[in-house]
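K.L.:
Structure in structure tokens, see below.
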Amino acid sequence: MFNIYSLSLILNSAFDLASASLISGLLLLSLAALALVFHLHLKSRNSYHLQHLNSLWPVRFLLVFLITLWALNDLLRLPVIRGRYLYHLFPSLGLSQQANLCKLHSVLSLGLLEPGFLMILLFLVNVSIKKSTPKASWALAFISVTCLPIFCIQLVFLYTSKIEGHLPPIFWRSWVISHGSFEKQIVLCSYPLMSAVIFGAFGIWYLIAFSLSYYQAVTIVINKGLRTRLYWLAFAVMVTLPLEILSLALSLLWKPEEAPSATFVFLVFFITLVLAVVGEGILVIVPISDSLGASGDACQLSSGEDEGQIQKLMDGMGVIRA
């Protein structure tokens with residue numbers, strides 16, 4: 017008989033398939049972004065006009081790399097992926113091992129990967145208002161100082177057995193065993209309350225820091241193209257991050273196997289994916305494409321020995337530090 021339980025199974029399967037399809041698209045976009053990053057890096061060796069635009073290529077590589085890891089990590093959350101693919105590769109993958117994968121997914125997603133690429137977005141916005149370009153090592157230090165504490169706190173709460181014994185399961189449990197089709201037991205991943213609280217606190221701090229950096233950048237930037245990109249990036253961050261935190265909190269009001277919880281968990285994934293796509297597009301793909309196009313125009317101008325026009329072209333290109 018068709019009931020609420022059957023509806024939950026159908027929704028979970030639909031969300032799993034939709035998530036897998038969207039992750040595939042994001043991985044293809046990330047592959048294209050990585051190709052552009054390395055193409056610019058290699059071409060800048062032989063192009064004078066691209067050398068000063070390529071100083072932060074490791075930071076952009078790290079941005080795309082973290083987004084790629086986030087996408088691959090989110091595949092661990094999907095029972096359809098674990099059942100159809102991981103089980104064939106690892107036949108001994110039982111329910112307890114799948115539960116550990118859910119725990120690993122929660123720690124990496126909310127404690128390291130998403131905070132990591134969010135901090136790179138903030139770093140690149142901060143760089144856009146600097147007169148000199150900092151070394152890429154500053155980005156690594158910036159990310160480490162801000163993300164490692166969050167990651168360590170997540171580890172303590174999810175992997176310390178003493179905490180599990182003193183707090184209700186909703187605070188630390190990142191998985192639940194449910195019954196799928198044909199009464200087969202499956203492991204559904206969820207987000208623990210403590211992970212949501214820690215990420216929510218980080219998100220509030222991040223929104224304040226990003227707002228201040230955005231205000232400074234938009235008051236300095238004159239180039240219309242760069243200003244438009246800053247508007248879109250700020251809109252994406254200021255809208256999607258609060259929605260993600262809200263969806264994360266609402267998903268905890270129901271059991272992971274229930275339809276409302278599955279819906280909000282999918283929204284958390286989808287909102288993060290949108291932010292990742294916007295970040296890659298605005299901070300990697302578009303500025304690098306503009307850099308390569310401007311380099312070609314500069315080469316044509318250089319043959320006419322119009323150095324003033326060359327400098328104007330390269331300065332007015334308006335990338336957020338390609």
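Going letter by letter, the sequence shown gives residues 17 to 338 in the working numbering.
Virtual Cβ for every residue (Gly too), placed ideally from N, Cα, C.
1. Considering only their Cβ atoms, is the gap separating LEU140 from VAL75 smaller than 8 Å?
2. In or out: ASN62 buried (at least 16 other Cβ within 10 Å) or exposed?
3. Would you identify the three-state DSSP class for LEU228, choosing helix, strand or coil?
4. Taking LEU88 as the reference, which of SER112, LEU129, SER60, SER71 has the closest Cα?
5. With distances taken Cα to Cα, identify the nearest neighbour of ILE166 among THR244, TRP221, ASN142.
6. Tell me, please, whether the region 257 to 269 touches the region 199 to 218 by the rule of three or more beta-carbon pairs shorter than 8 Å.
7. Please state the DSSP three-state secondary structure of GLN316.
8. Alpha carbons only, please: which of LEU289, ASP306, SER307, GLY309 is nearest the one belonging to LEU45?
9. Is it right to say LYS240 is buried, meaning 16 or more other beta carbons lie within 10 angstroms of its own, or is it exposed?
10. Of the residues TRP191, PHE133, LEU174, which one's Cα is nearest the Cα of GLY219?
11. State the Cα-Cα distance for the pair TRP86 and ASN116, rounded to the nearest angstrom.
12. Could you give the first and the last residue of the continuous alpha helix (DSSP H) run that contains THR161?
13. Is the Cβ-Cβ distance between PHE215 and LEU126 less than 8 Å?
14. Between which two residues does the beta strand (DSSP E) containing ILE202 stretch?
15. SER190: which of THR84, LYS119, GLN170 sits nearest, CA to CA?
16. Counting pairs of Cβ atoms below 8 Å between the region 275 to 282 and the region 26 to 35, do you hit three or more?
17. Could you tell me which whole alpha helix (DSSP H) segments of length 4 or greater appear in the region 21 to 103?
18. If you drop the 5 nearest sequence neighbours on each side, which residues of the same chain put their C-beta closer than 7 Å to that of ILE193?
19. Measure the C-alpha to C-alpha separation of LEU317 and ARG100 and round it to an integer number of angstroms.
20. Under the rule that 16 or more other beta-carbon atoms within 10 Å means buried, what is PRO95, buried or exposed?
21. Whole angstroms are fine: how far does the CA of HIS182 sit from the CA of VAL80?
22. Reducing DSSP to helix, strand and coil, say where TRP221 ends up.
23. Does ILE236 pass the burial test, meaning 16 or more other C-beta atoms within 10 Å, or should it be called exposed?
24. Starting from ARG243, trace the alpha helix (DSSP H) in both directions and tell me its first and last residue.
25. Checking 8 Å against the spacing of the C-beta atoms, do LEU56 and PHE77 come in under that value?
26. Are the CB atoms of ALA252 and LEU291 within a distance shorter than 8 Å?
27. How is VAL237 classed by DSSP in three states: helix, strand or coil?
28. To the nearest angstrom, how far is it from the Cα of PHE286 to the Cα of LEU257?
29. Out of curiosity, what's the CA-to-CA distance linking CYS262 and PRO184?
30. Is TRP191 helix, strand or coil when you go by DSSP?
31. Quick check: ALA30 and ILE97, are their CB atoms within less than 8 Å of each other?
32. Under a three-way DSSP split, which group does SER144 fall into?
P.N.:
Reading it off the structure:
1. yes
2. exposed
3. helix
4. LEU129
5. TRP221
6. yes
7. Confidence in GLN316 is poor, its pLDDT being 49 and thus under 50, which makes the residue's placement unreliable; the coordinate value appears in the next sentence. If DSSP states are grouped into helix, strand and coil, GLN316 belongs with the helices.
8. LEU289
9. exposed
10. PHE133
11. 17 Å
12. Per the sequence shown, the amino acid found at residue 161 is Val instead of Thr. From DSSP, the alpha helix (DSSP H) with VAL161 extends over 152 to 175.
13. yes
14. 201 to 205
15. LYS119
16. yes
17. 64 to 67, 73 to 91
18. LEU111, GLN201, VAL203
19. For LEU317, the pLDDT reaches just 43, beneath the cut-off of 50, and the residue's location in the model is therefore unreliable, although a value from the coordinates is still provided. Their backbone Cα atoms lie some 56 Å apart in a straight line.
20. buried
21. 39 Å
22. helix
23. exposed
24. 240 to 266
25. no
26. yes
27. coil
28. 11 Å
29. The sequence as given places Leu at residue 262; Cys does not occur at that position. Using only the alpha carbons, I get a separation of about 22 Å.
30. strand
31. no
32. coil
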